[in-house]
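Student: Next up is a structure, given as structure tokens.
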Amino acid sequence: MKKCLYLVLFVLILGMGTNKVKAECSNGEKNALGAKAVNMSYRWEPAEREIAMGQADGEPVPIMQTYIKVLVYNMTEDLRLVVSNSRDNNKLYFTYDGVISFDSDDIKSLVTYRFEVYAADGTCTSEVLAKNEISLPKYNELSYYELCDTTPDFYLCQQFVRVDKTFDEFINERDNYIARLAEEESEGDDNKGLFKSIASFLNKYKFVIIGVVAVAGAGTYIVIKKKGKKVV
21 MKKCLYLVLF VLILGMGTNK VKAECSNGEK NALGAKAVNM SYRWEPAERE IAMGQADGEP
81 VPIMQTYIKV LVYNMTEDLR LVVSNSRDNN KLYFTYDGVI SFDSDDIKSL VTYRFEVYAA
141 DGTCTSEVLA KNEISLPKYN ELSYYELCDT TPDFYLCQQF VRVDKTFDEF INERDNYIAR
201 LAEEESEGDD NKGLFKSIAS FLNKYKFVII GVVAVAGAGT YIVIKKKGKK VV
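Take the sequence shown: its letters are residues 21 to 252, numbered as in the working numbering.
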């Protein structure tokens, strides 16, 4: 009886060992998985969703919510993705399912998402195959101030920014921006005036200038001929 029990245990252990060997993958397969993981890419884009209906001048209008969508590209069936962020301890887990994306609703603060790619088959390798991260901007409430109507290109008037600024800092930097634009415009006007003066001078004395150039050309030609004679 004991011999039979030992034999059964031996067969089970042997079978487990055989399965483990079969499940492990070669260095070549690991390298191929690593190449696929490195080939993955990530980007963000602004998006909107309708969250309710409101009224404006007696007409129903949709109330929209702005958020950021994060998209993942080039993921394959033999990979899995773990996403963490700089805001909290929550993690997202993804396996291949066509287009992979998730929404970042906390758009009032700067958030960085970190990506770790693993093999879908953990028995092949449990190592991290690739790491990446993407830093999202924050929604800029200052961009909706009327002050931005006259300075739409100012960086603090953009819908999304990567800095935290107070209203006083916004006003100060915007004033400096306007002053710098005025200075550049003034310098541009001065340059235009100089170019116009030069063009007017050339147009007024063009025949005199042509004559001088012609004489200078003749003088040069004579010198060359004389030098030629001396050499001969």
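Think of the CB as a built atom: it goes at the ideal place given N, C-alpha and C, for glycine as much as any other residue.
These figures come from a predicted structure and were not determined experimentally.
1. Would you tell me roughly how many angstroms separate the C-alpha atoms of Tyr62 and Pro172, rounded to the nearest one?
2. Mapping DSSP to helix, strand and coil, what is Asn105?
3. By the three-class DSSP mapping on this structure, what secondary structure does Phe187 have?
4. Roughly how many whole angstroms lie between the Cα atoms of Tyr87 and Val131?
5. Mapping the DSSP letters down to three states, classify Arg69 as helix, strand or coil.
6. Report the rounded CA-to-CA distance for Asp123 versus Glu136, giving the unit in angstroms.
7. Looking only at its own chain, which residues have a Cβ that is under 7 Å from the Cβ of Ile127, when we skip the five neighbours before and after it?
8. According to DSSP, simplified to helix, strand and coil, what is Glu161?
9. Whole angstroms is fine: what's the gap from Ala55's alpha carbon to Glu79's?
10. For the alpha helix (DSSP H) containing Val58, list its first residue and its last residue.
11. Alpha carbon to alpha carbon, what distance is there between Glu207 and Val228?
12. Of the residues Ala67, Ile83, Glu65, which one's Cα is nearest the Cα of Met73?
13. If you reduce the DSSP assignment to three classes, tell me which class Ser61 lands in.
14. Determine the contact status of Asn94 and Arg134, defining contact as a CB-CB distance below 8 Å.
15. Taking only three categories from DSSP, how would you classify Tyr116?
16. Using the C-alpha atoms, what's the distance from Thr170 back to Asn110?
17. Distance, Cα to Cα, Thr143 vs Arg100?
18. Between Val90 and Asn196, what straight-line distance do the alpha-carbon atoms span, to the nearest angstrom?
19. Whole-angstrom Cβ separation of Ser129 and Val92, contact assumed at under 8 Å?
20. For Phe180 and Ser155, I'd like the C-alpha separation in whole angstroms.
Tutor: With the structure as the only source:
1. By one-based count along the sequence shown, residue 62 stands at place 42. By one-based count along the sequence shown, residue 172 stands at place 152. Approximately 28 Å, taken between the alpha carbons.
2. Along the sequence shown, one-based indexing puts residue 105 at 85. Here Asn105 sits in strand by DSSP.
3. Here the question's residue 187 lines up with position 167 in the sequence shown. In this structure, Phe187 counts as helix in the three-state DSSP scheme.
4. Sequence index remark: in the sequence shown, residue 87 carries index 67 (1-based). Sequence index remark: in the sequence shown, residue 131 carries index 111 (1-based). For the pair Tyr87 and Val131, the Cα-to-Cα distance works out to about 13 Å.
5. Along the sequence shown, one-based indexing puts residue 69 at 49. Here Arg69 sits in strand by DSSP.
6. As a position in the sequence shown, residue 123 is number 103, starting the count at 1. As a position in the sequence shown, residue 136 is number 116, starting the count at 1. Their backbone Cα atoms lie some 18 Å apart in a straight line.
7. Numbered from 1 along the sequence shown, position 107 holds the residue referred to as residue 127. Sequence-distant partners of Ile127 (beyond 5 residues in either direction) whose C-beta falls short of 7 Å from its own C-beta, in its chain, are Thr86, Tyr87, Ile88, Lys158, Tyr159.
8. The residue given as residue 161 occupies position 141 in the sequence shown. Helix at Glu161.
9. Walking along the sequence shown from the start, residue 55 turns up at place 35. Walking along the sequence shown from the start, residue 79 turns up at place 59. Distance between the alpha carbons of Ala55 and Glu79 is about 55 Å.
10. As a working note, residue 58 is residue 38 in the sequence shown. Start and end: 47–58.
11. Here residue 228 refers to the residue found at position 208 of the sequence shown. Here residue 207 refers to the residue found at position 187 of the sequence shown. Its pLDDT being 48, under 50, Val228 is placed unreliably in this model, and the coordinates cannot settle the point.
12. Counted from its first residue, the sequence shown places residue 73 at position 53. Comparing Cα positions, the closest option is Ile83.
13. Sequence index remark: in the sequence shown, residue 61 carries index 41 (1-based). Of the three classes helix, strand and coil, the one that applies to Ser61 here is strand, per DSSP.
14. The residue you call residue 94 lines up with position 74 of the sequence shown. The residue you call residue 134 lines up with position 114 of the sequence shown. No, the pair does not count as a contact, with Cβ atoms beyond the cut-off.
15. By one-based count along the sequence shown, residue 116 stands at place 96. Here Tyr116 sits in coil by DSSP.
16. The count along the sequence shown starts at 1 and reaches residue 110 at position 90. The count along the sequence shown starts at 1 and reaches residue 170 at position 150. Roughly 41 Å separates the two Cα atoms.
17. What you label residue 143 is simply residue 123 of the sequence shown in a count that begins at 1. What you label residue 100 is simply residue 80 of the sequence shown in a count that begins at 1. Looking at the two C-alpha atoms, the distance is approximately 13 Å.
18. Position 70 of the sequence shown, counting from 1, holds the residue named residue 90. Position 176 of the sequence shown, counting from 1, holds the residue named residue 196. Straight-line Cα distance between these residues: approximately 35 Å.
19. In the sequence shown, residue 129 corresponds to position 109, counting from 1. In the sequence shown, residue 92 corresponds to position 72, counting from 1. About 22 Å separates the two Cβ atoms, so there is no contact after all.
20. Locating residue 180 in the sequence shown gives position 160, counting from the first residue. Locating residue 155 in the sequence shown gives position 135, counting from the first residue. Whole-angstrom Cα-Cα distance: 12 Å.
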